[in-house]
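A quick write-up on the structure given underneath.
Here is the structure:
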C-alpha cells in the first residue's frame, strides 16, 4: 500500500550541519515555524545552505552496492502526494526549458537515446529509513548539454503531475555524476508506484528532493522553492 508523504511535523534534517546551529534554532523564542524563510529560522537556513554548499564535493561518488544488498522491490517505500497513485497523461513528454539554447519536448524514447547511466546506491529518507535499488536513466548534465543550458542558469527546477509536486536544486548538485532522470529501476522500466514514466534520482540529496512523475525541467538563474520546502523543509537537503 503506498505511503503518502504527509509528515505531521518538521522532520529531523539528516545533513551535514552544525549541532550548535540546530540547538539555537530549537531554543530561540523568536522562531516562527509558519514562516520558515523569515526571521531567525530563515537566517539559520541560509547559513546552513552556504555551509553545505561549501562542503559539497562534485567528484565524490556514493559507493556502488552489490546486488545482494538490494531491497526487495515490494519493500521499497512508495510516496506521492496525490489522493491516488498518479498515472502519466496521454501523450506524456518532458518539457525542458528556461535559460537554454534549444528548448525541447522529449519523449521517453528521446531520453532513452541519450547516454545511459546506471548505478545501485542507498536511498536516504528524511524520515530516517534507507533502502537500496539500482536505477538507470540519463544524467541531468547530459540533458543540459543536449538543450544547451546557459552557464548563468545556476539552478534547476523540476515539476511533476503528482498534484503539482515540485522542487529546485543548486546546479552543482543537479549536475553531479549520480544525479539522473531515471526511467528504470532494478533493471525494469520504472513503475507508476515509483514515479513512472520519469523521476529524478540522486546520491547527493534527501528523498523529498527527488521529484517523481516529471513533466518539466527548467534551468533558471535564481533559486525557487519546492512543495515541502515551502512548508518548512530545508531547501539544500544534502546528504
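In our numbering, the protein residues as written are -1 to 237. Note that CB positions come from ideal geometry on N, CA and C, so glycine has one too. Everything numeric in this text was worked out from a predicted model, so none of it was measured.
Practice problem: Indicate whether residue 158 and residue 209 have their beta-carbon atoms separated by less than 8 Å. | Solution: yes
Subject >> Own chain residues within Cβ distance below 8 Å of residue 75, not counting five before or after >> reply: 1, 123, 127 and 129
Query raised in the report: Which of the three DSSP states, helix, strand or coil, is assigned to residue 180?
Result: strand
message = To the nearest angstrom, how far is the alpha carbon of residue 204 from that of residue 195?
response = 21 Å
Bridge-paired residues (DSSP) for residue 186: 183
Looking only at DSSP bridge pairs, what is residue 147 linked to? 98
Exercise. Near residue 201, what residues of its chain come up, given a Cβ to Cβ distance below 6 Å and the 5 sequence neighbours on each side ignored?
Worked result: 60, 119 and 176
key: Opposing strand residues paired with residue 155 [DSSP bridges]   = 166 and 216
- Outcome for residue 70 when other beta-carbon atoms lying within 10 angstroms are tallied against a minimum of 16: exposed
Look at the alpha carbon of residue 111 and the alpha carbon of residue 181, and state the distance between them as a whole number of angstroms. 12 Å
- prompt: On the three-state DSSP scale, how would you describe residue 141?
  reply: helix
* **Three-state class that DSSP yields for residue 231 in the structure shown** => coil
Margin query: Using 8 Å for Cβ pairs, my map puts residue 136 next to residue 217. What's the rounded Cβ distance?
Written below: Contact doesn't hold; Cβ gap of about 15 Å is too wide.
Original post:
Which same chain residues, not among the five before or five after residue 199, have their C-beta less than 6 Å away from its C-beta?
Top reply: 133, 178, 180 and 208
>> Spatial neighbours of residue 155 within its chain, please: C-beta separation below 6 Å, excluding the five flanking residues on both sides.
In response: 166, 216, 218 and 222
Identify the continuous beta strand (DSSP E) that holds residue 116 and give its terminal residues. 115 to 122
Checklist entry - In the structure shown, what three-state DSSP assignment does residue 171 receive? => result helix
Residues of its chain near residue 226, where Cβ-Cβ distance is below 6 Å and the 5 sequence neighbours each way are ignored:
206
Less than 8 Å between the beta carbons of residue 172 and residue 138, yes or no? yes
- Message: Suppose the cutoff is 8 Å on Cβ atoms and the five residues either side in sequence are ignored; what does the same chain contact list for residue 213 look like?
- Response: 90, 92, 93, 157, 158 and 159
| request: Measure the alpha-carbon distance for residue 185 versus residue 62 and round it to whole angstroms. | output: 15 Å
Which class does residue 205 belong to by DSSP, given the choice of helix, strand or coil?
-> helix
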